[in-house]
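In terms of my numbering, the sequence shown is residues 14 to 773. All C-beta atoms, glycine included, are put in the ideal place defined by N, C-alpha and C. Note that the coordinates shown come from a computational prediction; the quantities given were computed from them, not determined experimentally. Have a look at the structure below before the remarks.
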Amino acid sequence: DYDTISVSATHDFMAALVDALPAKIRLIMTARANPPLPLARWRARSELAEIRAADLCSDDTETPMILSAMVGSSLAPAAVEAIQLRTEGWVTGLRLAALSLKRADPGWLMANFDKAGSSNIRDYLLDEVLQRQPAAAQRFLLNTSILERFCAPLCAALTDGATVPAESERASRTMLDHVTAAGLFVIVLDEAGEWRRYHPLFAELLRLRLQHQYGAGRVAELHCAAGRWFASQGMVDEAIRHLLASGDSAAAAEVVAEQFQPVMNREDWPRLERWLAMLPEPAVMNHPVLLLARAWCEQFHFALPSVPPLLARFDSLVPTLDLATAAVLDARAAPLRAFILMLRSDPAAALAQTEISLKQTPAEDRYIRSMAVYFRASMLYMVGRGEEAEAWLLDLLRAARGRADAFTMRLQFALCTNYRASGELEKLRVTAGRMLADALAERLSLGEGWARVYHGHVAYEMNDLAEAEVQYVAGIRMMYVAHAAAVRECLFGLILVQAAQHRFDDAAATLAQLREFRAGLDPEIDSLAARLASAQGDQAAAMRWANSFRPGALLPFLQWQEIPVLTAARILAVTDQEDTLRRALELLEPVAAWAERSHSVWRGVECAALSAVALDGLGRTQAADDALHTALVLGKDAGYRRTFLDIGPRLQGLLARQMRRKSTATVARLLLRELHDELGQQAQPSISAEAPVDALTAREMEVLTLLARRYANKEIAQEMFITPNTVKRHTLQVFAKLGVNDRRSAVEQARRLGLLNDEL
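So, in structure tokens, the structure goes:
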């Protein structure tokens with residue numbers, strides 16, 4: 014205990030003695046604090062070996078050996094782990110715990126460690142450490158014991174409030190340095206020495222002493238002061254914990270409410286949800302801002318049934334606010350209302366809500382304003398003002414001058430949504446590509462997730478299944494950072510890709526992953542399972558689901574990959590029973606009407622194609638041909654493939670009849686060839702007078718010319734500055750228009766028709 018010596022002459026004598034010691038003499042000295050000796054000089058001469066408190070702490074491998082040696086027998090791993098956790102390897106603490114173990118059954122001791130095992134330790138700390146300190150140091154230790162970690166300004170705030178005078182901060186820093194130098198179980202947490210903490214057993218003793226000496230009222234005051242200081246520094250988690258410990262849940266709720274706008278702008282959903290979860294439920298349900306925060310979190314997770322009740326509770330609280338605050342909060346809620354109305358197929362009412370939000374939401378609310386822009390653009394398209402929406406979004410993007418952030422992500426997201434609905438797959442591909450590049454460059458996970466969805470959609474529809482899988486898998490890997498709806502769409506898309514490739518085991522595994530991700534809550538999961546069963550030939554299972562399916566009173570928003578009503582119609586349309594075929598048409602009728610009202614070319618094509626199959630099964634040949642003609646005309650410019658191919662073999666006869674119509678002959682021939690390839694058939698339709706050759710486009714003529722010159726696909730891609738997949742698509746178009754199956758036949762047929770001269 015050299016630190017107890019206070020006479021300076023003794024220190025001078027010891028310094029001289031050490032300097033004069035013979036080389037072979039070793040002097041061992043113990044102290045709780047650095048003694049006032051020339052340690053730096055001895056250290057520089059390599060004459061000093063220091064064993065600090067941290068060096069004396071045992072680790073997870075040493076503690077079992079130490080305890081076994083002290084107790085005389087091996088201890089259960091759980092007992093050792095509990096003691097190590099409480100003592101953090103402090104050897105004196107281990108020894109005192111071992112004394113208790115000698116007197117008690119280890120199992121009983123572990124269950125009652127706080128009362129029995131640590132009582133010896135508390136007595137030791139009280140007698141040997143705390144009571145030896147001056148009164149001012151004891152008060153400082155007791156006041157700061159409520160803190161898990163502390164710094165000088167925070168310690169001063171416990172005395173002076175959140176606004177700390179400079180002299181109080183200096184005094185706290187001096188006291189911190191004193192208690193650290195005195196070896197009072199203070200652990201430094203950073204290199205600068207700003208943040209520190211107490212050993213947990215010492216902190217426990219101090220808190221018990223604080224409670225006993227000053228009472229619960231003083232403890233609450235200290236927690237309140239700490240909470241206010243943490244809040245002033247933007248350290249929200251600590252602020253919430255201390256304010257709740259003080260009993261002031263309203264103040265804790267207000268701290269979270271003040272962070273609503275900045276955390277929304279950062280799209281930091283995990284942090285916002287953590288803060289909400291820390292608060293008592295009444296504190297959330299009675300605070301309009303926190304209700305709004307929870308509603309936005311539910312929307313992010315696509316837990317849509319939870320949103321309307323939260324908005325209803327929010328509406329009941331808004332009248333209690335002043336008019337200005339109520340107007341701003343109502344504007345922040347408006348995009349959520351628009352989203353719900355959009356899902357209920359009420360675009361006009363949804364559009365009105367977006368106008369309210371854009372007019373009244375403060376400019377600083379970047380996330381909420383961007384969502385209002387997205388919903389407004391979607392609603393403009395659905396009410397027939399798609400060109401206006403596109404021009405507006407492109408103007409906003411130009412005004413951003415190449416900036417890539419969450420707001421511009423939402424602009425591109427809106428464009429992609431509308432392009433998918435309108436069937437403009439090339440525009441969708443280009444916009445999704447730009448969106449993905451921006452998202453990757455700026456590490457914007459929400460934007461990347463949706464860009465993967467749209468890239469995958471384009472590739473899937475164009476029957477580029479390998480590329481679709483790449484995009485969908487990349488989106489699924491973002492499961493915990495992307496929007497839940499985007500991940501869900503990628504899972505849906507991957508299952509369709511795997512089914513199209515007859516990888517049914519993989520599809521079943523992905524379906525199981527989807528069920529786990531969405532906790533089985535989505536009706537779309539069951540419909541997709543039925544669709545997968547149908548693709549595998551298990552029509553009995555598919556029909557059981559389809560016969561039990563009942564569409565809701567309101568049609569769902571039909572922009573998702575998997576729509577139960579369409580899957581039910583898909584399964585029923587390929588049966589041979591008249592009643593099921595008629596039911597398929599009944600299911601399709603309101604969906605087709607919705608697609609027409611909302612200008613959804615994508616769903617319009619699908620409804621028309623499925624209707625054609627059902628009508629053909631009923632023997633209504635002309636109506637079936639007209640329906641498929643409508644679908645092909647709508648879809649051929651966009652490049653739709655899988656919408657037709659996924660229907661399966663029932664489409665073959667219908668496609669063959671479409672080859673007699675000039676306007677659909679080419680696309681029908683192409684689809685029939687791809688369908689035959691999928692079904693493992695070799696016979697291909699031949700060109701005839703009833704199926705006239707459509708004129709080749711300039712791009713197709715360029716490809717044909719390079720084919721005649723025996724260029725490989727990669728060489729054609731390099732020559733034309735396009736991708737090999739685009740070359741393949743153009744080549745298939747050429748084959749379809751010429752009625753051939755390979756390159757050589759295409760060149761020969763083109764020469765016969767005078768499209769190529771003999772020199773090529």
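- Around the beta carbon of I729, 16 or more other beta carbons sit within 10 angstroms, so the residue counts as buried.
- With a beta-carbon spacing of about 5 angstroms, G630 and L594 fall inside the 8 angstroms limit used to define contacts.
- The bridge partners DSSP lists for Y211 are V199.
- Residue environment for P166: buried (at least 16 other C-beta atoms within 10 angstroms of its C-beta).
- Its chain contains V466, W573 and Q574 as the residues whose beta carbon lies nearer than 7 angstroms to that of E502, once the 5 sequence neighbours on both sides are disregarded; these appear in chain order.
- Three or more beta-carbon pairs separated by less than 8 angstroms are not found between the stretch 248-260 and the stretch 185-194, which leaves the two stretches without contact.
- At a Cβ-Cβ threshold of 8 angstroms, R654 and E619 do not count as neighbours.
- The residue from P90, L579, K675 and L428 with its alpha-carbon nearest to that of E401 is L428.
- Between the beta-carbon of A239 and that of S158 there is about 11 angstroms, and that puts the pair past the 8 angstroms contact cut.
- Within 10 angstroms of the beta-carbon of Y473 lie 16 or more other beta-carbons, which makes it buried.
- It is roughly 13 angstroms from the alpha-carbon of E204 to the alpha-carbon of C164.
- Relative to the Cα of F748, the nearest Cα in the group A347, E599 and T679 belongs to T679.
- Per DSSP, the unbroken alpha helix (DSSP H) holding H689 starts and ends at A678 to E691.
- A Cβ-Cβ distance of about 13 angstroms is found for the pair S262 and A233, leaving them out of contact under the 8 angstroms criterion.
- Going by DSSP, R616 is part of the alpha helix (DSSP H) stretching over V614 to G630.
- Selection L223, I576, Q635 and L257 evaluated against P564 yields I576 as nearest (Cα-Cα).
- DSSP places F163 in the strand class (E or B) of the three-state scheme.
- Between L354 and the set H24, D343 and T367, the nearest pair of CA atoms involves T367.
- For G488, the enclosing alpha helix (DSSP H) has its first and last residue at L478 to I489.
- DSSP places V587 outside both helix and strand once states are collapsed to three, so it counts as coil.
- With a minimum length of 4 residues, the unbroken runs of alpha helix (DSSP H) contained wholly in the stretch 482-555 fall at 497-513, 517-531 and 536-548.
- Annotated three-state conformation of A651 is coil, per DSSP.
- Here N156 carries a helix assignment [DSSP, helix/strand/coil].
- Excluding sequence positions up to five before and after V614, its CB lies within less than 6 angstroms of the CB of S435, G436 and L647, all in the same chain and listed in chain order.
- By the beta-carbon neighbour count (other beta carbons within 10 angstroms, threshold 16), T23 is exposed.
- In the three-state DSSP reduction, T374 falls in the coil class, being neither helix nor strand.
- DSSP, read as helix, strand or coil, puts N299 in coil.
- When C-alpha distances from S547 are compared across Q526, A520 and L527, the shortest belongs to A520.
- Counting of Cβ neighbours within 10 angstroms places V20 among the exposed residues, the total staying below 16.
- Per DSSP, the unbroken alpha helix (DSSP H) holding C429 starts and ends at A419 to S435.
- When DSSP states are grouped into helix, strand and coil, G462 belongs to the helix group.
- Each of K750, L371, L409 and F352 was checked against the Cα of S391, and the nearest Cα belongs to F352.
- No residue range can be given for Y724, since it is assigned to no alpha helix (DSSP H) and is classified by DSSP as neither H nor E.
- Just measuring C-alpha positions, the residue of Q731, M714 and V740 sitting nearest L766 is M714.
- Between the stretch 629-643 and the stretch 455-464 there are fewer than three inter-stretch CB-CB distances shorter than 8 angstroms, so the stretches are not counted as touching.
- For the pair of segments examined, the stretch 731-744 was found not to touch the stretch 668-684: the number of CB pairs separated by less than 8 angstroms stays below three.
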